[in-house]
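Accompanying notes for the structure given below.
Number of protein chains: 2
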Amino acid sequence: MNRMEIRHATNTDHASIAKIIVPIFRAGETYTIEPEISETDAIAYWMAPDKTTFVAQIGEEVLGTYYIKANQAGGGSHVCNCGYMTSEVATGRGIASAMCRHALNVARSLGFEAMQFNFVVGNNLSAIRLWKKFGFDVVGKLPAAFKHPAEGYVDALVMYRAL
Amino acid sequence: MNRMEIRHATNTDHASIAKIIVPIFRAGETYTIEPEISETDAIAYWMAPDKTTFVAQIGEEVLGTYYIKANQAGGGSHVCNCGYMTSEVATGRGIASAMCRHALNVARSLGFEAMQFNFVVGNNLSAIRLWKKFGFDVVGKLPAAFKHPAEGYVDALVMYRAL
Chain A
0 MNRMEIRHAT NTDHASIAKI IVPIFRAGET YTIEPEISET DAIAYWMAPD
50 KTTFVAQIGE EVLGTYYIKA NQAGGGSHVC NCGYMTSEVA TGRGIASAMC
100 RHALNVARSL GFEAMQFNFV VGNNLSAIRL WKKFGFDVVG KLPAAFKHPA
150 EGYVDALVMY RAL
Chain B
0 MNRMEIRHAT NTDHASIAKI IVPIFRAGET YTIEPEISET DAIAYWMAPD
50 KTTFVAQIGE EVLGTYYIKA NQAGGGSHVC NCGYMTSEVA TGRGIASAMC
100 RHALNVARSL GFEAMQFNFV VGNNLSAIRL WKKFGFDVVG KLPAAFKHPA
150 EGYVDALVMY RAL
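Residue numbers (numbering that gives the first Met the number 0), protein chains in the order written: chain A, 0 to 162; chain B, 0 to 162.
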């Protein structure tokens, strides 16, 4: 069985990354991104200049991706933000966990002092469970801040942990 | 005495707006913006394409400015975000209050259903008092998320109200 490797994303990963992130944007259930975003714009968003983007692969197959960036500039630049996505065909294989563990180490090595998730959709229970397992606290609840395509208005959570 | 007027900002307002916002960015006490930001970049930020920017003037003098924008895209696009700044020489004249009242009406007319302030620096007591007066609740507290130039680490608040 092949081991998981997490490495910096490069331009040659665009197609693999798009295959993961575009369906998740299209579903419109977890990210505050226009579901109709083009593939080009989706990649431009995920690999924007202010982000450092990684991919998780098993063998030759890219099955997850995440980015890390400063959540704010100036007096807020010691806190980072991440976005994670796992291929819909690869859930339950520990990819999100491995990426979160990796991200916490990368964040520390970059000198960040805390990590914040700005908008965790309240009915995304598997994500909330995972972030709590990794030491994140719910520090904010945004009432009815997300319009879920199936469930309608749901709260969004702000989650935070020191590093 | 001249009445206050609040109107859409235009390109001819750049110098007046810069005179208000650049010193506040330089101080680095209330916005998570690089204090050394150039005047050009400050204007580009404050009048970015995704923002609608207003100025408050008394007679010919622009004494305040604010922007309104969608806080998120996709399923979060019914919540708006604003940034407000009052000229340092004009505090205590009701300019921030007038802009907030104006913004709440603009937000409703644009179809937004809630307004969120993502990062209110915890020692900015006059701002917190004002937003509470206008019906905003503290829905989140980001521990030590701001490094204040004089006071060091302080919490930041997330404030929110339905419209």
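Ideal placement from N, C-alpha and C gives every residue a C-beta, glycine not left out. Quantities reported herein were computed from a predicted structural model and do not represent experimental measurements.
query                                                                                                                                           : result
Closest Cα partner of asparagine 1 (chain A) within the set A:Val153, A:Arg92, A:Ala143, A:Asn117                                               : A:Arg92
Cut-off 8 Å between Cβ atoms - residues of its own chain near phenylalanine 145 (chain B), not counting five sequence neighbours on either side : Thr31, Phe118, Val120, Gly121, Tyr152, Val153, Asp154, Ala155
Valine 105 (chain A) - DSSP class collapsed to helix/strand/coil                                                                                : helix
Separation of alanine 55 (chain B) from asparagine 104 (chain A), as counted between CA atoms                                                   : 47 Å
Short CB-CB distance (under 8 Å) between alanine 55 (chain A) and chain B                                                                       : no
Where the beta strand (DSSP E) through isoleucine 67 (chain A) begins and ends                                                                  : 60 to 69
Start-to-end residues for the alpha helix (DSSP H) that takes in proline 22 (chain A)                                                           : 13 to 26
Cβ shell of tryptophan 130 (chain A) (< 6 Å), same chain only, five flanking positions each side left out                                       : Met158
CB contact flag (threonine 39 (chain B), alanine 8 (chain B), <8 Å)                                                                             : no
Any chain B beta carbon closer than 8 Å to valine 78 (chain A)                                                                                  : yes
Residue range of the beta strand (DSSP E) that includes threonine 52 (chain B)                                                                  : 51 to 57
Boundaries of the alpha helix (DSSP H) in which isoleucine 32 (chain B) is found, first to last residue                                         : Per DSSP, isoleucine 32 (chain B) belongs to no alpha helix (DSSP H) and is neither H nor E.
Proximal chain B residues relative to proline 22 (chain A), where beta-carbon distance stays under 8 Å                                          : Simply none; closest approach about 14 Å.
Min CB distance glutamate 150 (chain A) to chain B below 8 Å                                                                                    : no
Nearest-angstrom Cα separation, counted from glycine 63 (chain B) out to alanine 17 (chain A)                                                   : 43 Å
Cutoff 8 Å: tyrosine 141 (chain A) Cβ touching any chain B Cβ                                                                                   : According to the sequence shown, residue 141 (chain A) is leucine rather than tyrosine. Cβ-Cβ to chain B under 8 Å: yes for leucine 141 (chain A).
Through-space distance from glutamate 35 (chain A) to phenylalanine 26 (chain A), alpha-carbon basis                                            : In the sequence as displayed, the identity of residue 26 (chain A) is alanine instead of phenylalanine. Cα to Cα, the separation comes out at about 9 Å.
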